[in-house]
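Below is one structure, written out as structure tokens, with a few remarks after it.
Numbering (mature numbering (1 follows the signal peptide of the UniProt record, and there is no 0)), first residue to last: -17 to -1, 1 to 258.
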């Protein structure tokens, strides 16, 4: 993702925009759809119509796959979290004409967002698509203002992570820089800003902060389903506010069984009589 190597679209100011709830296509820690969008974008720009047609079909098939694999089950929300992210956002249409707010950090970012051997680091995407209509966008926020779980994730990645994840969030002079797609990649961590470890968020297990739970393979309990989404987004000038939300749902039958077990516990009837 070496910034000067990316061909960007024209820049236009996006003012006071709102979005409704949407299906997120750049999944948590899952690059399949993101990779297809990136390849399709490159094929179209390169004029390879045959490859573009093939990739478009693959992307359509991937988007039509059911999320979670529980289409015939009724669900009820068991626990949830939501939070706002306030940041500055800049679109770069021309690497030789960087927006004023980014100029001071541009040289650092251009060098930082490369692979360990100096190659181009893949672009993590925009909020819910590969590339915004204005081109490459960068979010800027004080590092200490990021949710604690996001900072903890980055610090662990800096110690032992692979090149792409390790360089998702650049930090210079206490300021964090990252592509909007990084919010999507780590959305449950952004939504869990106010979660207190070991105190709340799904029966004191901090389950909403466990990124593995948001994949079928990582969630071994078929009675639960984990999901995340953008609940809203607004931008005025270069200031953006993003609302993120995550939740755990429980299968209705499992919920009824859980309630029955509570009723069968010794002392439950005594408690009931006191109410």
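Even glycine gets a Cβ: it sits at the ideal position worked out from N, Cα and C.
Annotation: the continuous beta strand (DSSP E) that includes residue 215 extends over 207 to 219. With distances taken between CA atoms, residue 217 lies nearest to 227 out of 130, 209, 227 and 128. Contact between residue 79 and residue 174 is absent: CB atoms are separated by about 37 Å, not below the 8 Å threshold.
DSSP, read as helix, strand or coil, puts residue 232 in strand. Bounds of the beta strand (DSSP E) holding residue 154 are 153 to 155. Nearest Cα to residue 100 within the set 145, 152 and 159: 145. Within the region 36 to 109, the complete alpha helix (DSSP H) segments at least 4 residues long are 86 to 95, listed from N- to C-terminus. According to the DSSP assignment, residue 123 belongs to the beta strand (DSSP E) that extends over 119 to 125. The Cβ atoms of residue 35 and residue 19 lie no closer than 8 Å to each other. For residue 160, the uninterrupted beta strand (DSSP E) run begins and ends at 158 to 161, by DSSP. In this structure residue 123 touches residue 160 by the C-beta definition: roughly 6 Å separates them, less than 8 Å. DSSP, reduced to helix, strand and coil, places residue 112 outside both helices and strands of the structure shown, so it counts as coil. Here the alpha carbons of residue 229 and residue 211 stand approximately 4 Å from one another. In the assembly as shown, residue 142 is an exposed residue. Its beta-carbon has fewer than 16 other beta-carbons within 10 Å.
The Cβ atoms of residue 225 and residue 67 lie closer than 8 Å to each other. Counting of Cβ neighbours within 10 angstroms places residue 59 among the exposed residues, the total staying below 16. In this model, residue 172 and residue 132 are separated by some 6 Å (Cα to Cα). The DSSP-derived three-state label of residue 226 is strand. When DSSP states are grouped into helix, strand and coil, residue 165 belongs to the helix group. Residue 24 carries a helical assignment under DSSP once its states are collapsed to helix, strand and coil. Taking residue 232 as reference, the option from 190, 221, 215 and 94 with the minimal CA-CA separation is 190.
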